[in-house]
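In the UniProt record's numbering, the protein residues as written are 1 to 717.
The C-beta atom is built at its ideal place from N, Cα and C for all residues, glycine as well.
Since this is a predicted model, take the numbers as computed values, not measurements.
Data first, discussion second: the structure below is written as structure tokens.
Here's what the structure looks like:
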């Protein structure tokens with residue numbers, strides 16, 4: 001039978017899958033590569049052309065079962081065995097036939113001389129044998145080290161200083177430190193533990209943690225409990241940074257999203273697929289996942305807590321001021337002294353130039369780590385979040401200052417710009433940013449924003465001069481600006497409108513609120529009521545404020561707590577009056593007396609909702625007085641209806657006689673023959689218009705509230 005492919009030569013094999021009889025050349029050509037290479041092919045009998053079943057090695061013939069009878073005395077073997085031997089022979093060397101061919105791929109030249117005799121091979125008995133007990137001891141010790149680290153990790157203790165770990169293991173395993181070090185290195189070689197070295201200017205500290213290859217719910221739980229021990233907020237960024245810091249494990253965006261999805265769907269009755277817990281009875285709790293506004297970036301992020309294990313992150317609340325009152329403790333004193341000594345005390349090996357350039361790298365978090373590891377004992381006993389809280393307070397108090405990503409001591413780097421100049425620059429930058437973003441609703445990349453600011457500002461932008469490490473930190477102080485992270489690492493500045501987004505969970509810091517209060521008081525030098533101040537503050541910030549967030553009950557309460565030394569709050573029957581304290585003497589025209597006519601306030605009897613002419617006529621039979629220095633008035637002063645000689649020290653005669661007043665909704669004209677003042681002044685009424693600023697039509701006019709023409713009496717300057 002000829003080949004069914006070429007039809008020229010005799011067929012020698014049958015392809016079962018191709019269903020063709022093929023000659024050797026066609027068989028090799030068709031089954032040289034691809035999927036056909038694995039086709040099953042049967043050899044044909046060279047006598048009758050049926051399928052061959054044996055191979056006669058003596059005659060070198062392929063024979064079927066019927067044609068093999070004359071060859072039973074010869075050396076033969078089944079065809080399948082012959083094919084298998086052919087494959088094995090090409091892969092394994094034989095002494096004479098294919099030994100050089102086997103070595104060729106490795107480019108090892110075959111020996112020219114004869115093979116060495118058996119006597120030249122080292123005897124097995126001379127090889128040093130390891131005792132079984134030594135191997136078992138090492139394996140047992142490594143397992144115990146791994147078990148201890150896993151149990152500690154389940155409690156949130158992920159990093160261990162090497163000296164402390166060696167001391168603990170020596171005591172519990174009853175061996176010397178050299179053996180412990182060998183076992184630790186063996187565990188590192190087996191990828192059971194991971195070593196981390198943190199280097200500071202004068203020292204380096206080595207830590208040990210578990211070596212991990214993948215992110216699981218169990219590792220997430222360990223990381224969350226580690227942040228809990230440190231009293232730090234478990235945001236997505238904080239969790240990922242802690243994993244990278246401790247385990248040298250950086251999950252991709254896909255891996256992180258899968259982990260979050262597993263945490264959402266996880267129930268405390270299910271076990272994790274991969275568990276490192278030493279006790280099988282321990283199970284993973286549920287996870288509470290919420291979306292918030294990240295205090296550090298302003299963008300939306302997730303916070304994750306184990307079920308029933310929530311805590312307060314101290315590292316994110318220090319910008320609200322010292323609400324822990326830690327500056328009144330000895331811990332703060334030692335914290336301050338440590339920083340002062342670190343930056344000011346010169347060491348023998350350090351040059352004068354090195355002292356002037358001394359700084360702490362890593363920003364607030366790096367500085368907190370350094371102080372916790374190298375600081376005084378009282379600070380070491382604090383959590384990392386609390387130390388970070390103290391570092392932020394030092395930055396707020398201008399004890400430490402950002403120089404790019406470094407923190408420097410302010411006594412070594414004198415401020416070149418006054419606080420007033422910094423405030424003016426901040427306002428100019430804020431207005432420029434708002435103007436730029438209003439023209440680009442899609443936002444601007446932070447990499448491009450400095451170019452726009454350079455064109456808009458009349459001065460050179462210097463972030464470090466303003467006390468910020470990054471442009472992002474500066475932008476986050478602006479209430480109407482947010483920073484969005486697009487892609488892996490592309491932050492954009494975007495203008496937000498909280499009025500149209502009721503779900504927006506933004507809470508301005510107390511410093512931001514007080515900054516706007518200062519701006520409002522520039523146009524209200526004679527004080528303002530709380531009922532008028534709050535709407536003005538709403539227009540500045542863009543949303544109403546929940547004062548309970550700052551542990552206060554109202555705006556007046558907030559000002560009294562956070563700025564009691566800068567503002568004075570006087571409570572009245574209808575509202576609270578708030579005054580800005582400019583100097584030790586006050587010229588406020590407000591009377592706490594029972595007699596209505598002993599006050600220089602005009603009380604409007606009714607409020608008209610319509611626009612029409614209204615006239616008032618007031619008679620003052622006696623000379624009126626001006627109260628000065630309200631904060632120095634005795635507490636029982638207002639209880640007396642009659643004035644004594646001592647009380648007259650608090651008054652200064654202003655005017656007497658009668659005054660005719662006519663008003664047309666927003667204008668005021670006054671006539672008084674005994675008063676002639678050319679300076680413009682303002683009127684404050686004791687009603688809904690308590691803070692209205694009304695200018696007189698007549699250029700020569702006067703006001704009860706003029707403080708520029710009258711000086712306080714001697715002793716009250």
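If you ignore the 5 residues before and after residue 555, its C-beta comes within less than 6 Å of the C-beta of 530, 534, all in its own chain and listed in chain order. Taken through DSSP and simplified to helix, strand or coil, residue 448 comes out as coil. When the five nearest sequence neighbours on each side are left out, the beta carbons in the same chain lying within less than 6 Å of the beta carbon of residue 560 are those of 569, in order along the chain. The criterion of a C-beta distance shorter than 7 Å is not satisfied by residue 301 and residue 245.
Distance from the CA atom of residue 203 to the CA atom of residue 337, rounded to whole angstroms, is 20 Å. 215 is the residue among 140, 292, 64, 215 whose C-alpha sits nearest the C-alpha of residue 260. For residue 71, the CB contacts under 6 Å within the same chain, skipping 5 residues up- and downstream, are 56 in chain order. For residue 436, the three-state secondary structure derived from DSSP is helix. With the rule of 3 Cβ pairs closer than 8 Å, the region 449-464 does not count as touching the region 476-485.
A Cβ-Cβ separation of about 5 Å places residue 314 in contact with residue 389 under the 8 Å criterion. As computed with DSSP, residue 556 is found in no beta bridge at all. Boundaries around residue 568 are those of the beta strand (DSSP E), 567-571, since no alpha helix (DSSP H) includes it. The shortest C-alpha to C-alpha distance from residue 210 to any of 145, 293, 326, 342 is the one to 145. Annotation: the continuous beta strand (DSSP E) that includes residue 193 extends over 193-199.
Between residue 212 and residue 306, the C-beta spacing is not below 7 Å.
Its Cα nearest to that of residue 397, the residue 332 stands out among 160, 332, 206. Taking C-beta atoms as the reference points, residue 528 and residue 466 fail to come closer than 7 Å. Burial state of residue 576 is buried, judged by a 10 Å Cβ sphere holding 16 or more other Cβ atoms.
For residue 465, there is no enclosing alpha helix (DSSP H), as DSSP gives it neither H nor E. Residue 257 counts as exposed, since fewer than 16 other beta carbons sit within 10 angstroms of its beta carbon.
Contact between residue 370 and residue 358 fails: their C-beta atoms lie close to 12 Å from each other, not under 8 Å. Take residue 249, set aside five residues on each side of it, and the residues of its chain with a beta-carbon closer than 6 Å to its own are 212, 243, in chain order. Straight across, the Cα-Cα distance linking residue 157 with residue 150 is about 9 Å. Counting along the chain, the unbroken beta strand (DSSP E) around residue 409 starts and ends at 406-409. Taking the Cβ atoms as the reference, residue 41 lies roughly 16 Å from residue 64, outside the contact range of under 8 Å.
Distance check between residue 193 and each of 183, 48, 294 places 183 closest, using alpha-carbon atoms only. Scanning 46, 13, 324, 311 for the CA closest to the CA of residue 30 turns up 13.
With respect to residue 520, residue 495 sits apart: the two C-beta atoms are not nearer than 7 Å.
Taking a contact as a CB-CB distance under 8 Å, the pair residue 436 and residue 492 does not count as one, their CB atoms being some 12 Å apart.
The DSSP-derived three-state label of residue 148 is helix. Excluding the 5 residues flanking it on each side, residue 290 has same chain C-beta neighbours closer than 6 Å at 303, in chain order. For the region 150-222, the full-length alpha helix (DSSP H) segments reaching 4 residues or more read 162-173, 177-189 along the chain.
Residues of the same chain with a CB within less than 7 Å of the CB of residue 43, apart from the 5 flanking positions on each side, are 12, 13, 52, 62, 79 in chain order.
Each residue's CA atom was taken as its position, placing residue 228 and residue 378 some 20 Å apart. Put simply, the backbone Cα of residue 221 is about 8 Å away from that of residue 154. As the crow flies, the alpha-carbon of residue 424 is around 44 Å from that of residue 205.
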